[in-house]
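Undergrad: Structure below; questions to follow.
Following this line, the structure appears as structure tokens:
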């Protein structure tokens, strides 16, 4: 699953968000599940994952019965705030009010496709983020290439 694009959407008074048609078209219930998982992202945005992808990532963390303290803290922060949201027949999910409040999301939201997940944030915040990142575009690319090179031993950055 590859999420791409940016979409400005409304959240209705019941807290429902229509998942963008382009995103819905690539979701397959057998492969990705019938719901999305909302969880806090490390950048202060609300992240949405297909439920089976989220389950695979969670399983990769291993068991936590006798776990690393940092991993246990991470699990507490993420899993306690996470929510499973079924996709209804109209292609909408109901975002919990507690998450909307925590992430400053009101009636309008930007839905960003970011490779393997979606990110939700207020439109004004996305405009600020674009204004901050665009002048740094070359440096962002350079650092990304260096990071990818570091992840693959034997490659040049």
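In my numbering, the protein residues as written are 1 to 157.
Even glycine gets a Cβ: it sits at the ideal position worked out from N, Cα and C.
DSSP on residue 27, reduced to helix/strand/coil?
TA: Here residue 27 sits in coil by DSSP.
Undergrad: Tell me where the beta strand (DSSP E) around residue 7 begins and ends.
TA: 6-10
Undergrad: Pull the bridge partners of residue 94 from the DSSP assignment, please.
TA: Partner(s): 16.
Undergrad: Give me whichever residues DSSP pairs with residue 3 in a beta bridge.
TA: 115
Undergrad: On the CB-based measure, 16 or more other CB atoms within 10 Å of its CB, does residue 35 come out buried or exposed?
TA: buried
Undergrad: Can you tell me whether residue 153 is helix, strand or coil according to DSSP?
TA: Looking at residue 153 - three-state DSSP - the assignment turns out to be coil, as it is neither helix nor strand.
Undergrad: When you compare each of 15, 14, 12 and 26 to residue 118 by their alpha carbons, which one comes out closest?
TA: When only C-alpha atoms are compared, the closest one is 26.
Undergrad: Can you look up residue 36 in the DSSP assignment and give me helix, strand or coil?
TA: strand
Undergrad: Which partner residues does residue 86 have in the DSSP bridge list?
TA: 35
Undergrad: Helix, strand or coil for residue 48 per DSSP?
TA: strand
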